Ligand SMILES: Cc1cc2nc3c(=O)[nH]c(=O)nc-3n(C[C@H](O)[C@H](O)[C@H](O)COP(=O)(O)OP(=O)(O)OC[C@H]3O[C@@H](n4cnc5c(N)ncnc54)[C@H](O)[C@@H]3O)c2cc1C
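In my numbering, the protein residues as written are 2 to 381.
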């Protein structure tokens, strides 16, 4: 059974081939070693940049591909369907979009071409040991002194944190002001005094993706490195990019379900039980029929969201539904698929085991399922 996308076209199909070739030749062969190391390394980012695969939806004048969200979605899908989560191009793109949508002209010109070339890997640091869902509770502080912000604080769970060359750090520039005292500082990591990356965190899944703690101790950041050049805009900047960020998770969740479905179908056709292929047992066919139905129904909704995002009309509540539905369904589907592999499904050498472990975090990062329900329920 196929699950065709309503938003693709012949050019995007060619682009998909290009992405798939890169993933199969550059990313996949190194996946086991990357999982061992806890990161994919800089070389593959630069290679992706050389091939024009990064920042596909950033305008060409800033070094991007000049495409739209669909071009980005293709790359996420091709990774997700193979269960390859090492290269967090999603976070990289989110960072690029902060520059594009909120940066000054100087900031766009300084950072976007380097992000597109893969010279700099991007990260965004919001979460702290004491504040995740409740971002207003962050304590990282930046004080303006002699033309520099002096940054102090600790961030945790930061995707791309180990490899990042540029980090958008969410901090308080006026701790008395709550949301309106929040700003985003642009921190370049190379040679940055007082900045330290902690260990690459040991996660249950997404082993090839570097997730790190970051420490800022009296880090001096030039005042010109304030995103958008105006203090107190941090929360507004964070909120306005949410539809983009949440749809990425919905898109990759659905592609991952498709990959799991296909891997399971192949397996149950081969695996013999009680003298016949596993697929001949009614329960197997019913389970896969349920999974295929989820994917087909989900495709209609997610595709609609993709169209709306490209048209600029996707609202935060609907994007939150895509994230909520996508991640929750992904976890259920992966569980059903893994069950059909029996004990082999529990072995890490089988991609289904890795996909299962990787899927779990989709309900947590980018805003938890509970926070998605909060956001949606405000629009009831
Ligand atoms: C692999 C990974 C990668 C990540 N990447 C990044 C990154 O790149 N940058 C970044 O800044 N952060 C990142 N995060 C952090 C992630 O966004 C947070 O973990 C997430 O937002 C939840 O915050 P928390 O862990 O502090 O949990 P908490 O906020 O402490 O939540 C604990 C539980 O309470 C629930 N809860 C909280 N508030 C409410 C409420 N109002 N109503 C109902 N339930 C509630 C939550 O849903 C959750 O179940 C990443 C996390 C992981 C695991």
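Note that beta-carbon positions come from the ideal geometry of N, C-alpha and C, so glycine has one too. Just so we're clear, the structure is a prediction, and the values are computed from it rather than from any experiment.
The region 55-87 is shown to contain whole alpha helix (DSSP H) runs of 4 or more residues at 70-82, in chain order. Note on residue 284: under 16 other CB atoms within 10 angstroms of its CB, so exposed under the neighbour-count rule. Proximity of the region 178-196 to the region 14-31 falls short of the contact definition, fewer than three beta-carbon pairs being nearer than 8 Å. Close CB contacts of residue 311 within its chain, under the 6 Å cut and outside five residues either way in sequence, are with 69, 70 (chain order).
The three-state reading of DSSP puts residue 381 in coil, since its state is none of H, G, I, E or B.
In this structure, DSSP gives residue 140 a state outside helix and strand, which the three-state scheme calls coil. By the Cβ test, the region 29-44 is in contact with the region 201-211, since at least three Cβ pairs between them sit closer than 8 Å.
Per the coordinates, the alpha-carbon of residue 215 lies some 17 Å from the alpha-carbon of residue 93. Here the alpha carbon of residue 230 sits roughly 57 Å from the alpha carbon of residue 287.
The beta carbons of residue 308 and residue 8 sit closer together than 8 Å. In the three-state DSSP reduction, residue 163 falls in the coil class, being neither helix nor strand. Contact between residue 81 and residue 256 holds, with the beta-carbon distance rounding to 4 Å and staying under 8 Å.
Per DSSP, reduced to three states, the secondary structure at residue 125 is strand. Using a Cβ distance threshold of 8 Å, residue 217 and residue 169 do not count as a contacting pair. Proximity of the beta carbon of residue 135 to ligand 1 is indicated: a heavy atom of the ligand is located closer than 7 Å. Counting along the chain, the unbroken alpha helix (DSSP H) around residue 235 starts and ends at 235-241. In the three-state reduction of the DSSP assignment, residue 274 falls in the strand class, which pools E and B. For residue 207, the shortest separation between its Cβ and any heavy atom of ligand 1 lies below 7 Å.
The bridge partners DSSP lists for residue 132 are 129.
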